[in-house]
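Working notes, beginning with the structure itself.
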DNA sequence: GATGAATGAGTGTTCATTCAT
DNA sequence: AATGAATGAACACTCATTCAT
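Protein chains in written order, with the working numbering: chain A, 5 to 243; chain B, 5 to 243; chain C, 5 to 243; chain D, 5 to 243.
In structure tokens, the structure reads:
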């Protein structure tokens, strides 16, 4: 693809044998294959034939199914990291920053269902392959730092409630952006409502944002937790 | 099972050729197999050998891999429905009822990771097999009615905020109970924190309950949304 | 079936457990199964379920697949022998007798396609199972004797040409009655003509009878084979 | 095959990885397997092992059992068509041409028992696979045109009787060449005579040729069908 | 760098048959 | 006499992977 725009070399006008292009094509196809079929459902043949290369090349470039899958995982996660690095909330108010982060998360998963599927797939086998990646732990996510910074600033100026831990908040943000998308098919079937309909998604997002805002906003001085509320807080059934 | 009710004979207590027992054993093993390996990763051989019967019996009792999987799905979902039917919040205050429902959901998924895995697995292939089940759509979940009732009662007596839709709330409850469990492995790896540790889970649940309570509780009269808050609500980044 | 008309016995009014009836039903179903599917295509399960008895009974009554097949073969051939024994050409003119025998053969195969299929099937594996039958060689066909008698009488009174051997004639008769039926499907496809259409079959039979009559009729005295005809007779291409 | 044309190397004459040779070998073995065992009796393993290749190659080259069988059918029929195209009776007398055609048919089936077996096998399941072939209906047989031409010429010069239809004659020719071969095993067993013995076959062919010649030859002017003969013609028993 | 040919080890499924009641 | 439960051996077909060029 990009090969066409590359600098023409002495004896290779039409670069049919373009290694990097072929490799990129294979990886792209592999992402789709693993995302839609899962690890054991994915077929090496399918990857090769859809990329229109001989299956031998898949082995040549990636070594094997497992290595290919790991690279797919790394590639897809790297895209998220790259996008995350562009985030800069230094100029916005903390609570707005957090809400914008939520929107970013929501937007990224909406735009990249393959990431969602690969993560779900990975969790089904206890992140077995992610463990084997040497790149992934190195790709430290900047998001936690970002969140910690926003929370600190917010708490400091009284705009954000105290006692919210960055990781817990992050997991909550992702839960609320991820689950209703990743599990839309079964939920839609069970409740006979199309959760993938744009209207439903918009409504859900609006409600979620309201909940988050309330959660982040510190309670008014006279509205501190009363014994009554505390009791309610602990009234859960035992797990 | 039925063995326990049969007349005990001198030297043959355990009935070898017990169809219902064999079938039940197979189904139990199959639930584990499909939950841990997914549909395409699951092996019929493995099911048979772990249930210590000839593989032919799997086909005799269930017909085939797909039919077995569907039955596994139905069986596991039926267990949830059965438990849901035991819920009765008619005697508790609405807000407590909703929190207890959350605890129930959280507890059920914690106690039945196989359900979580099967649902995730199903979503990976767009609920393809769930669509084929004729039982599942018939197993109407009572939970939405329950929630609607609680919300109506709560709104009526002023204990619960207006404008919360049952299905949106239910999806939110499940999101918050489900995601951090189902995706614990990858999150643990990425953030180098053990999300499956009991302490982490407890902390997370406490924060989640706080958020939900705040969300459900109606705002004090003088704290209606201000122009400022409204603006924040719309300050999201475009998807 | 026939059981209903049998003499009522002391303690068995409704004969549900009627051994001979069950056996007969199984054999009938087996004939159809083997005729339509061939030996290796036939399924013991199919026989049992179509006869609405447990598969175990098939083994109980017949011993196994091979033994059942052989009995099917014997049963079907026995029907032919029984019908052949009813033939009596002592009162008709020899040439008419032979033509009537041809009509009988043609009629029997038309009425019993299962016999035709079983014979074809048997020939495909070199009559392997027929060899194993101890009944079949004992069921001497009376037809050759019949034919020999007719030929002798015909030759004696000058109505039938000399030099026609009974077995060769019989094989010819069967060829002409059998082949266009047994191979109708492929021929119909290849020549895009429905050989199973009644009109085609009638035309073909008429032509065949004309040929046979001419063959059996002795040539007029002055039309003995000439050198020219003799030469033609030998003008075949080498096999 | 192609090996013969390749440059002979010191110590490696036989090319091991020759696709066309492997494919041809597989097809040849498959013809034998399907001809001797029938469709359901044939084993894919047997084909592979007898061709000394991995079973995977059978699927690589042919797709599956059904596709392989259809190709076997097409290949075997194509051989017949190829041979038929070599026939040229423009220089011989019509009646000789027809007799030579009979000899050709007889010779071809004698030389290719696999064709006979495949056709019989096909008819047992109502030409189910032949229907699926898109090549077979396209392989129009030239034989009917040939026969029509010979008949017309023969009738025109008075050497052949009127009223003989090409397709009926062709089916008759094949019946007389085919049946006693295809059903030799059962007939031999029933009549305790070896129909496959060369002497028997020769005798039978001679008689058959006599019958055909008589049939084709027009009757002498004074020997037109008499009332007596007509009556005989209709004296058949009802079917 | 690139490719078609080839393969060992499964993988779901089916078959005829026997065991225990 | 009759039956449901259970099985070993095949069988068509597939998968990830390597060999030879």
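No residue lacks a Cβ here, since even glycine has one placed at the ideal position from N, Cα and C. All values derive from a computational prediction rather than experimental measurement.
| Query | Result |
| --- | --- |
| Any chain D beta carbon closer than 9 angstroms to residue 45 (chain C) | yes |
| The ligand NAP heavy atom lying under 8 angstroms from the CB of residue 147 (chain A) | What this structure holds is no ligand at all, so the ligand NAP is not there to describe. |
| Residue from B:78, B:62, B:112, B:128 with nearest C-alpha to residue 45 (chain A) | B:128 |
| Residues in the stretch 105–130 of chain D having any Cβ partner in chain C nearer than 7 angstroms | 107, 108, 110, 111, 114, 121, 123, 124, 125, 126, 127, 128, 130 |
| Residues near residue 164 (chain A) by beta carbon distance below 7 angstroms, same chain, minus five either side | 98, 99, 155, 158, 220, 222 |
| CB contact below 9 angstroms: residue 48 (chain C) versus chain D | no |
| Three-state secondary structure (DSSP) of residue 175 (chain A) | helix |
| Buried versus exposed call for residue 201 (chain A) [16 or more other C-beta atoms within 10 Å across all chains shown] | exposed |
| Rounded distance between the beta-carbons of residue 65 (chain B) and residue 27 (chain B), thought under 8 angstroms | 5 angstroms |
| Beta carbon proximity, residue 214 (chain D) to chain C, threshold 9 angstroms | yes |
| Within-9 angstroms CB hit, residue 172 (chain A) to chain B | yes |
| For residue 32 (chain A), the first and last residue of its enclosing alpha helix (DSSP H) | 23–45 |
| Three-state class that DSSP yields for residue 62 (chain C) in the structure shown | helix |
| Segment contact, 8 angstroms Cβ cut-off, at least three pairs: the stretch 185–204 of chain B with the stretch 131–141 of chain B | no |
| Nearest candidate by alpha-carbon position, reference residue 43 (chain C), set C:69, C:58, C:60 | C:69 |
| Residues near residue 130 (chain C) by beta carbon distance below 6 angstroms, same chain, minus five either side | none |
| Alpha carbon of residue 224 (chain B) to alpha carbon of residue 218 (chain A), nearest angstrom | 12 angstroms |
| Beta-carbon proximity check, residue 303 (chain B) vs residue 199 (chain B), cutoff 9 angstroms | In the structure as shown, chain B starts at 5 and stops at 243, and residue 303 (chain B) therefore has no counterpart that could be examined. |
| Contacts around residue 23 (chain B), its chain only, beta-carbon distance under 6 angstroms, and the 5 residues preceding and following it disregarded | none |
| Straight-line Cα distance separating residue 112 (chain D) from residue 84 (chain D) | 7 angstroms |
| Near-chain C residues of the stretch 66–99 of chain D (beta-carbon distance less than 7 angstroms), N- to C-terminal order | 99 |
| Validate contact between the stretch 49–63 of chain B and the stretch 84–94 of chain B using beta carbons, cut 8 angstroms, 3 pairs | no |
| Within 9 angstroms, strictly: CB atoms of residue 82 (chain C) and residue 139 (chain C) | yes |
| CB contact check: residue 61 (chain C) to chain D, cutoff 9 angstroms | no |
| Three-state secondary structure assigned by DSSP to residue 214 (chain D) | helix |
| Interfacial residues, the stretch 188–209 of chain A to chain B, with Cβ spacing under 8 angstroms | 188, 189, 190, 191, 192, 193, 194, 195, 196, 197, 199, 207, 208 |
| Presumed contact (8 angstroms Cβ cut-off) between residue 2 (chain C) and residue 106 (chain C), rounded CB distance | Only positions 5 to 243 of chain C appear in the structure, and residue 2 (chain C) is not among them; the question remains open. |
| 9 angstroms Cβ cutoff, residue 224 (chain D) in contact with chain C | yes |
| Coarse secondary structure for residue 224 (chain D), derived from DSSP in three states | coil |
| Proximal residues of chain B, C-beta to C-beta of residue 219 (chain A) below 8 angstroms | 214, 215, 218, 219 |
| Where the alpha helix (DSSP H) through residue 49 (chain D) begins and ends | 48–54 |
| CB contact check: residue 24 (chain C) to chain D, cutoff 9 angstroms | no |
| 6 angstroms CB neighbourhood of residue 121 (chain D) in its chain, flanking five on each side removed | 39 |
| The alpha helix (DSSP H) enclosing residue 110 (chain B), as first and last residue numbers | 98–115 |
| Per-residue contacts from residue 158 (chain D) into chain C (C-beta, under 9 angstroms) | Those do not exist, as residue 158 (chain D) stays about 12 angstroms from chain C at its closest Cβ, beyond 9 angstroms. |
| Three-state secondary structure assigned by DSSP to residue 76 (chain A) | helix |
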